[in-house]
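Structure first, commentary second.
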Amino acid sequence: MGGHGLGATLMAHVRTWRPYTLWYVGLVGLAGHAITSDRRDDARMVAAWAVPTLIWVAAHYLGDYLDRELDAVSKPQRPIPSGLIRPRTAVCCGTVLAAAAVVTAAVVNYRTLMVTAAGIGGALAYNGFFKARGLLGNLVRGSLTGGALVFGAMTASDLPPVRILLFVPVFWAHDAASNLVGTLRDVAGDRAGGYATFPVRRGPRTAVRTAAGLYALAVSAAAAGLLTMAGDREGGLVTLLVAAGLGGGAFGMLYASGPEPPAHLALRSHEVLVVERMVLAAVFLVPGLGGLVAIGILAPMLAVTLGTQQAMRARHEFPHGVPARPDGDAAAPARFS
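What follows is the structure, given as C-alpha cells:
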C-alpha cells in the first residue's frame, strides 16, 4: 500500500462500504422500531439504524477478506487485491465495526446481544460457506435482514413482540430474491470458480422465476402486515405500490431478456431492486412516523444511493467497469449486497 496516496486509500475504504447498499439495512432496523414503538425516541431510532449498518459494513470488510484470493484472479481492481487495503487492515476494520455494533446494542438493550451475535455470525457464515450453496445461501442471506428487523423491534421493546413475526417474511423473502438476482450477474464465472449458486445448479430462467416468486411473497406479506398497523395505512399502501412498481420493472427486464439474462441487464435489475428495497422498508415508517418524516429519512438516502450507484458500482463489480461479454473472461461471484 506504500505506493498509494491517502486519497486513494480512503476511496478504497469507501468502495468497500458499497455506499449504494449502505443505507438499506438500517432502514429495516428503523422499520422494526416503527412497527413496535408507540412513541418516538430519536436516540433509539438512531441505534435501530446504526447497529445493523455497522454489521453490514463489517460484513463487507470480512467478506472481501475471505474472497481475496478469488478476487485477485477475477476482480483485481477491488481494494484488497489491488493493494489499496491490506488483508490484515480489512480484518481489523471489520472487527472494530462489529465490536462497535455489539457495544451499541448492549447499551440500548442487552437482550439484543443474541440477535447481534447471530447477525455477525450469520454474515460470516454466508460469506464463507453458504454463498456457494444454491438457494440455501440466498435464504440464509435473507434471514440476516429479517434479523435486522427483529433488532429494530427490540430497540423499542425489551423482547420482540410476537406481531413482528408477521413482518419478518417481508425482508427475508425480499432479500433472498434480490440476492438471487445478484447471482445472475455472472453465472459463467460462478460455474468456473466452483460456486454452485442456484442459477448454476438450476439455470438462469428457473432462478428468475424463483426470485420473482420470492418477491411476490415479500410484497404480499408487506400488504398483510400493513393492514395490522395503526396510523397512516393509506400512505403506507401508496408507498408499497411505488415499491411494487419498481420491483415489477426490475423483474420485467429479466423476463424480457431471454433464457439467460446478460450481465449488464442482471446488474441493472439489481440496481433497481437496491432502490426499491429502500422504498419497501419505508412502507412501515409511514404509519408510525408519518409520511413527511418517512420522506425526510428516505429521500437523502435515496439520493446518495442513486449517485454512488451510478458513479461506482459497475467499476466495483467488473474489472474494466463493464460486464464481460458472454465469450469473455468470467468475473467473480456476487458479494454481500
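Just so we're aligned, residue 3 is where the sequence shown starts under the numbering used here, counting upward by one. Heads up, the beta-carbon is just placed ideally off N, CA and C, and yes, glycines get one too.
Close CB contacts of residue 38 within its chain, under the 7 Å cut and outside five residues either way in sequence, are with 155, 158, 159, 163 and 166 (chain order).
86 is the residue among 246, 112, 86 and 281 whose C-alpha sits nearest the C-alpha of residue 15.
If the five residues before and after residue 126 are omitted, its C-beta is found closer than 7 Å to the C-beta atoms of 64, all from its own chain and listed in chain order. Ranked by Cα distance from residue 262, the first of 72, 251, 190 and 151 is 190. Following the DSSP letters along the chain, one finds residue 177 inside the alpha helix (DSSP H) bounded by residues 170-185. Across the structure, residue 52 and residue 69 are spaced so that their CA atoms are roughly 26 Å apart. In the structure shown, residue 232 adopts coil according to DSSP, grouped into three states.
Excluding five sequence positions before and after residue 252, the CB atoms of its chain that fall closer than 7 Å to its own CB belong to 271, 274, 275 and 278, given in chain order.
DSSP lists 198 as the bridge partner or partners of residue 135. Here the alpha carbon of residue 184 sits roughly 10 Å from the alpha carbon of residue 201. Counting other Cβ atoms within 10 Å of its Cβ, residue 180 reaches 16 or more and is therefore classed as buried.
With respect to the 8 Å criterion, residue 296 and residue 288 are classified as neighbours on the basis of their beta carbons. For residue 273, the enclosing alpha helix (DSSP H) covers residues 265-284.
Using a 10 angstroms sphere on the CB of residue 145, the tally of other CB atoms reaches 16 or more, which defines it as buried. Note on geometry: alpha-carbon atoms of residue 231 and residue 11 lie some 46 Å from one another. Separation of the CB atoms of residue 225 and residue 242 is rounded to 6 Å, and the pair is thereby assigned contact status at 8 Å.
Of all alpha-carbon atoms in 187, 284 and 176, the one lying nearest the alpha-carbon of residue 222 is that of 176. In its chain, beyond the 5 residues on either side, 175 have a beta carbon closer than 6 Å to the beta carbon of residue 219. Around the Cβ of residue 280, a 10 Å sphere holds 16 or more other Cβ atoms; the residue is buried. When C-alpha distances from residue 36 are compared across 290, 311 and 207, the shortest belongs to 290. When only Cα atoms are considered, residue 102 and residue 260 end up about 46 Å apart. The beta carbon of residue 142 sits closer than 6 Å to the beta carbons of 128 and 132 from its chain, once the five residues preceding and following it are set aside; these are given in chain order.
Between the alpha carbons of residue 23 and residue 312 lies a distance of about 12 Å. In this structure, the beta-carbon distance from residue 169 to residue 151 falls below 8 Å.
For residue 84, the closest of 298, 29, 59 and 18 by C-alpha to C-alpha distance is 18. Taking all protein chains in view, the Cβ of residue 283 is crowded by 16 or more other Cβ atoms within 10 Å, so the residue is classified as buried. In the three-state scheme derived from DSSP, where H, G and I count as helix and E and B as strand, residue 71 is classed as helix. Residue 40 is classed as exposed because its beta carbon has fewer than 16 other beta carbons within 10 Å across all chains shown. A Cβ-Cβ separation of about 6 Å places residue 50 in contact with residue 34 under the 8 Å criterion. In summary, residue 117 is buried, with 16 or more beta-carbon neighbours lying within 10 Å of its beta-carbon over all protein chains present.
For residue 25, the secondary structure class from DSSP, reduced to helix, strand or coil, is coil. Under the three-state reduction of DSSP output, residue 111 falls in the coil class, being neither helix nor strand. Rounded to whole angstroms, residue 188 and residue 267 show a C-alpha spacing of 11 Å.
In this structure, residue 245 sits away from residue 210, with a CB-CB distance that is not shorter than 8 Å.
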